[in-house]
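First the structure, in the form of structure tokens, and then the observations on it.
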Amino acid sequence: MNDQTGSLGAFEVGQNFQRINFLLQRLFLALSRREVRNPGVEGPGQPLFLRAAMNQAQTWAANPMKALNQQIQFWQNSTALYAELTQAMLAGAQRMPKADTPDARFSDEEWDKHPFFYYLKRQYQIMSAYLESMADSASEGEDEKHSEQIHFFTQQLVDLFSPSNFLASNPVALKKAVETNGKSLVEGLENLVKDLERNSGDLLVTLADPEAFKVGETLATTKGHVVHETPLFQLIRYEPTTEKVYARPLLLVPPWINKFYILDLQAKSSLVRWLVDQGVAVYIVSWKNPREELRDYGMDSYVTEGIVPAMNKVNELHGNDGINVVGYCIGGTTLSLTQAWLAKTKQENPAKSCTFFTALTDFEDPGPLKSFIDEGFISGIMIEAQRKGYLDQRIMARTFSYLRPNDLVYGPAVKAYLLGEPRPKFDLLFWNEDSTRLPERMAQEYLTLLYRDNAFATTGFEIGGVKISLDDIKVPHYVVACEKDHIAPWTASFKGLSRLKGGGRFVLAQSGHIAGIVNHPDKKKYGYWVSDADPGTDLDAWRAGTEAHEGSWWPDWVSWLGKRSGKKIDAAASFPESTPRLEPAPGRYVRE
93 MNDQTGSLGA FEVGQNFQRI NFLLQRLFLA LSRREVRNPG VEGPGQPLFL RAAMNQAQTW
153 AANPMKALNQ QIQFWQNSTA LYAELTQAML AGAQRMPKAD TPDARFSDEE WDKHPFFYYL
213 KRQYQIMSAY LESMADSASE GEDEKHSEQI HFFTQQLVDL FSPSNFLASN PVALKKAVET
273 NGKSLVEGLE NLVKDLERNS GDLLVTLADP EAFKVGETLA TTKGHVVHET PLFQLIRYEP
333 TTEKVYARPL LLVPPWINKF YILDLQAKSS LVRWLVDQGV AVYIVSWKNP REELRDYGMD
393 SYVTEGIVPA MNKVNELHGN DGINVVGYCI GGTTLSLTQA WLAKTKQENP AKSCTFFTAL
453 TDFEDPGPLK SFIDEGFISG IMIEAQRKGY LDQRIMARTF SYLRPNDLVY GPAVKAYLLG
513 EPRPKFDLLF WNEDSTRLPE RMAQEYLTLL YRDNAFATTG FEIGGVKISL DDIKVPHYVV
573 ACEKDHIAPW TASFKGLSRL KGGGRFVLAQ SGHIAGIVNH PDKKKYGYWV SDADPGTDLD
633 AWRAGTEAHE GSWWPDWVSW LGKRSGKKID AAASFPESTP RLEPAPGRYV RE
């Protein structure tokens, strides 16, 4: 290195230190703005850990040899690692052997180049296995829910303390810091500060570049108009792109916990645009992002003031000949409640068919989220919601992120904070962070009546003084669940919706909660399994009897819809000039 290069490096280091001082001031200011929240929403309370510790102590006392064997196994594995490391160093090994089990956190070759970091990685894996065996002991004799909580939060601790998550024990981050004269660490600190500032002192890792997209300009760009508006929702109609369209329209009901444009991302992945191009007259509900004025809105409000008037309006605009309806995720749950309520109260139902995307109606086994849903968490949530009149979107966003912490928390944090990488320009992750608030009463009913009590599938869910259940629904239905869904497990989705009457077609799509649904046929990516047979209770037998198909299930669904959508009519007649056009799509509500 010549003198000029050395001077340049020293100047760069000096500049980096100046930036660090400035960023630290912003960091402390951002942290000072953090709201003090009820501890119940921050994680498991003390009773969970005390109960686990007491049960583990009882297990050890009843079976001391098992506890001793666990300790012996841990020390044997640690000693074997030490011996392996010593032998390799004495033999002058240039790199350590790759572990048999692939782990994306340690995929970089730097983890195997240096004996110290190899040791950290392997000792972490040994310790993880030991902690999991302790969780097994702590949950012996426990009820199923508490046992699952112990294992879930043990795994949370294991994921948190991975050596890849800390600068001093991450060789990739250290190497990059040296190569960039510390610039990567400064960029990482700036990413951290921006996240704290963006979330009022809360640490939520930003997953996508917040400046990369703009709703209405680069996302949600399918041409249409708001044709109806209420305090709870805007109704959007999309303009036809074909000369002929099906006479019977399609209404999409997205989840009210997210914004609707997951179904209208960029043109290459937009379900809305693809449907319009197939000659479907498409409407979509854009839910209001609630504040205190909607605090008393509950599930009954979203049924009687949301889905029912939206269905009736679409039906009215098309001559009252019936419509097809889709419900996505919790939007599908609400649609099923609507269908049951209309049937039980014997009101006219515009829906001639219903499609459900990854929708839970039986919450007996709702996947990893049930580990959070205990009285402490619900109490904490309700205190927060009562204080503001709504549940802050950051609380639920963080909860869902920790269902897949390595993918949605620690992995992105390492890239952003330790490596100083810019956020990816990824439309799906951008949408994921553009979440919504929940009205106070809705948040309570969502967590207690559905997740905790599973009332809709058991004792009955009350809407307007009328108790309804899954068994009340009779409508032709198309059900899509996703194989790797961590929010609405496919087995739970099928278990509830198989109770519907009226004839159904069931699709199991590859991939997860979003990618399995937003799967454009042109991508030729994920496949699916399909059957008209009722899944019943033996889901393995159902799956064994299905037909496997490559590519997207969208064409299969449109073929099914086409048989229930009437004849083709002139597109202009389906969206005449007399239809109100209040404002261009995507409307005001989605931007709130």
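Here the sequence shown stands for residues 93 to 684, where the numbers follow this note's numbering. Don't be surprised by glycine CBs; every beta carbon is placed ideally from N, CA and C.
Residue j beta carbon less than 8 Å from that of residue i
i	j	result
residue 466	residue 476	no
residue 640	residue 621	yes
residue 574	residue 603	yes
residue 511	residue 268	yes
residue 292	residue 125	yes
residue 657	residue 412	no
residue 380	residue 305	no
residue 432	residue 562	yes
residue 568	residue 613	no
residue 110	residue 173	no
residue 610	residue 427	no
residue 587	residue 337	no
residue 323	residue 368	no
residue 598	residue 429	no
residue 664	residue 314	no
residue 414	residue 407	yes
residue 486	residue 294	yes
residue 420	residue 348	no
residue 491	residue 452	no
residue 378	residue 594	no
residue 261	residue 197	no
residue 351	residue 523	yes
residue 501	residue 494	yes
residue 470	residue 529	no
residue 444	residue 365	no
residue 115	residue 281	yes
Range covered by the beta strand (DSSP E) that runs through residue i
i	result
residue 319	316 to 321
residue 606	No beta strand (DSSP E) holds residue 606; DSSP gives it neither H nor E.
residue 416	415 to 420
residue 558	558 to 560
residue 640	639 to 641
residue 337	336 to 338
residue 660	660 to 662
Distance between beta carbons of residue j and residue i, contact taken as under 8 Å
i	j	result
residue 181	residue 210	10 Å between Cβ atoms; not a contact.
residue 298	residue 525	7 Å
residue 373	residue 327	Between residue 327 and residue 373 the Cβ distance is about 13 Å, and since that is not below 8 Å, they are no contact.
residue 519	residue 311	6 Å
residue 257	residue 506	6 Å
residue 300	residue 600	28 Å between Cβ atoms; not a contact.
residue 442	residue 248	Wrong, their Cβ atoms sit about 45 Å apart, outside the cutoff.
residue 329	residue 308	Their Cβ separation, rounded to whole angstroms, is 16 Å, which puts residue 329 and residue 308 out of contact at 8 Å.
residue 224	residue 390	The Cβ separation is near 40 Å, so there is no contact.
DSSP beta-bridge partners of residue i
i	result
residue 623	598
residue 379	325
residue 53	Given that the chain is displayed from residue 93 to residue 684, the structure contains no residue 53 and the question cannot be resolved.
residue 447	418 and 570
residue 553	560
residue 494	For residue 494, which the question treats as bridged, DSSP gives no partner whatsoever.
residue 517	According to DSSP, which records beta bridges pairwise, residue 517 is partnered with nothing at all.
residue 675	318
residue 330	316
residue 593	566
residue 501	DSSP, once it has assigned bridges, lists no residue as partnering residue 501.
First and last residue of the uninterrupted alpha helix (DSSP H) at residue i
i	result
residue 213	207 to 230
residue 405	400 to 409
residue 394	391 to 394
residue 682	Careful: residue 682 lies outside any alpha helix (DSSP H) and carries neither H nor E.
residue 161	156 to 182
residue 473	467 to 480
residue 363	363 to 369
residue 583	582 to 589
residue 52	Given a span of 93 to 684 for the chain in the structure shown, any question on residue 52 remains unanswerable.
residue 286	275 to 290
residue 654	646 to 654
residue 266	263 to 271
residue 537	532 to 537
Residue i beta carbon near the ligand SAM (any heavy atom closer than 7 Å)
i	result
residue 575	In the structure shown, the ligand SAM is absent, as is every other ligand, since no ligand is present at all.
Exercise. Counting Cβ pairs, one atom from each stretch, are 3 or more of them under 8 Å apart for the segment 640 to 658 and the segment 283 to 296?
Worked result: When C-beta atoms of the segment 640 to 658 are compared with those of the segment 283 to 296, fewer than three pairs fall below 8 Å, so the two segments do not count as touching.
Exercise. Contact between the segment 568 to 583 and the segment 452 to 464: three or more CB pairs below 8 Å?
Worked result: Yes: the two stretches touch, three or more of their Cβ pairs being nearer than 8 Å.
Exercise. If you pair each beta-carbon of the segment 625 to 639 with each one of the segment 336 to 344, do three or more pairs fall below 8 Å?
Worked result: Contact between the segment 625 to 639 and the segment 336 to 344 is absent, because fewer than three Cβ pairs lie under 8 Å.
Problem set entry | the segment 193 to 212 contacting the segment 238 to 246, beta-carbon criterion three pairs below 8 Å | Taking 8 Å as the limit for Cβ pairs, the verdict is that the segment 238 to 246 does not touch the segment 193 to 212.
Exercise. Is the segment 530 to 548 touching the segment 384 to 391, taking contact as three or more C-beta pairs under 8 Å?
Worked result: The count of Cβ pairs closer than 8 Å, one atom from the segment 530 to 548 and one from the segment 384 to 391, reaches three, so the stretches are in contact.
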